[in-house]
Structures are given as structure tokens and as C-alpha cells.
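For reference, the structure is listed below as C-alpha cells.
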Amino acid sequence: RMQSSQPHIWAAGDVAGIHLFTFSAWEQGEAAGWNATSGETRRLDYGILPRATFCDPEVGSVGLTEGQARERGFPVKTGRWEFARLPRAIIGGETEGFVKVVADADTGRILGGHVIGAEASTLVHEIAMAMKCGLTAAECGRMLHAYPTLSEGVRWAFQEAV
């Protein structure tokens, strides 16, 4: 809700102490403004919060890791696809890295995904959107992707998780 302990004070960003990322602060600010002025309540869904680290290679992540999923009692199936197997990565000379997805082995529900490599900060959003829309690993693995693209690695990782 972004409301402080005082009913007339709203907070967002670092002062709120929740997910200290620029993009989440932006969403918190919008929610705080909406909630303070509209009389309605907008809640943010932190369960699907893509994260990116801009290093070389880039790192993108969303949801649970394989270890976290197992700790929470999920039966886990993972899929992994190496950038070295992607024609686009080979053409661009960016073969370092991989895409990994974590799914519930019983339902196919996507629990998380992780990308290390070129454009990881962008590619992770395909996994986040699939999670938000409630798609299964099998459904995502059947989605056609343009060729040659780095995003094919996301598709192939989903297929490996089925």
C-alpha cells in the first residue's frame, strides 16, 4: 500500500525499505501517489520482480532459484541452454553464459529463471512475463522465436524443463 504508520504519510523508494531498486521505487511511487489520492488501494506484486546486474556478462534473474524452490518443497524440474549453442551468440562472439528455468515438476508452473550472458537484463523479462501470465514451461517451450536470436535460448531452456 506504501502507507506509513501515519495515515496521512506515504513512502516509496529507499525510505520504504522494500526492494531497493530504481525500477521498484518508480512503481512504489506510482502506487503511493495513486493510493494517497484515489481512495483505492493498489498493491504491488513482488513475487515476480525481475532483477538485473549490469556487469560482464550481464545477469538477469526472476523468481526462485532451484535451491529456493527445493527448500520450499516444490518438486523441481530445470532446463538449461548454453549461449554457446545459440547461432546468434556464435555470430556475435558472445557465447559465454546460459539460460536456466526452474519449474514445478508436477504442474509445469514456472517458479523462476536466470540468465547469465549477453542481454540477460532483457531476456529475463520473457521469463517474468510467462510467470505473470501463468504459462507453463511446456507452453513457453512451444512458442516460436525468430531465428537467429538470443531469446531462442529461453525457449530451448523451457523445452528442457518439460
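Going by the working numbering, the sequence shown opens with residue 52, and the numbers climb by one from there. Ideal placement from N, C-alpha and C gives every residue a C-beta, glycine not left out.
- Message: Under 8 angstroms, with one C-beta from each stretch per pair, do the segment 172-182 and the segment 197-212 reach the 3-pair mark?
- Response: yes
- Query: How many Å lie between Val205 and Met53 at the Cα?
  - Reply: 34 angstroms
- With 16 other CB atoms within 10 Å as the buried threshold, where does Ala181 fall? buried
- Could you pull out every residue in the same chain whose Cβ sits closer than 6 angstroms to the Cβ of Lys27, ignoring the five residues on either side in sequence? One cannot answer for residue 27 here, as it falls past the ends of the chain, which runs 52 to 213.
- Please determine, among Phe209, Cys184, Leu71, the residue with the shortest C-alpha to C-alpha distance to Met194. Phe209
- Item | Contact set for Thr158: own chain, Cβ-Cβ below 8 angstroms, skip 5 residues either direction | Thr187
- Message: Need the endpoints of the beta strand (DSSP E) that Arg131 sits in, please.
- Response: 127-133
- Item | From Pro108, Ala63, Pro101, residue whose alpha carbon lies closest to that of Asn86 | Ala63
- Item | Secondary structure of Phe209, DSSP reduced to three states | helix
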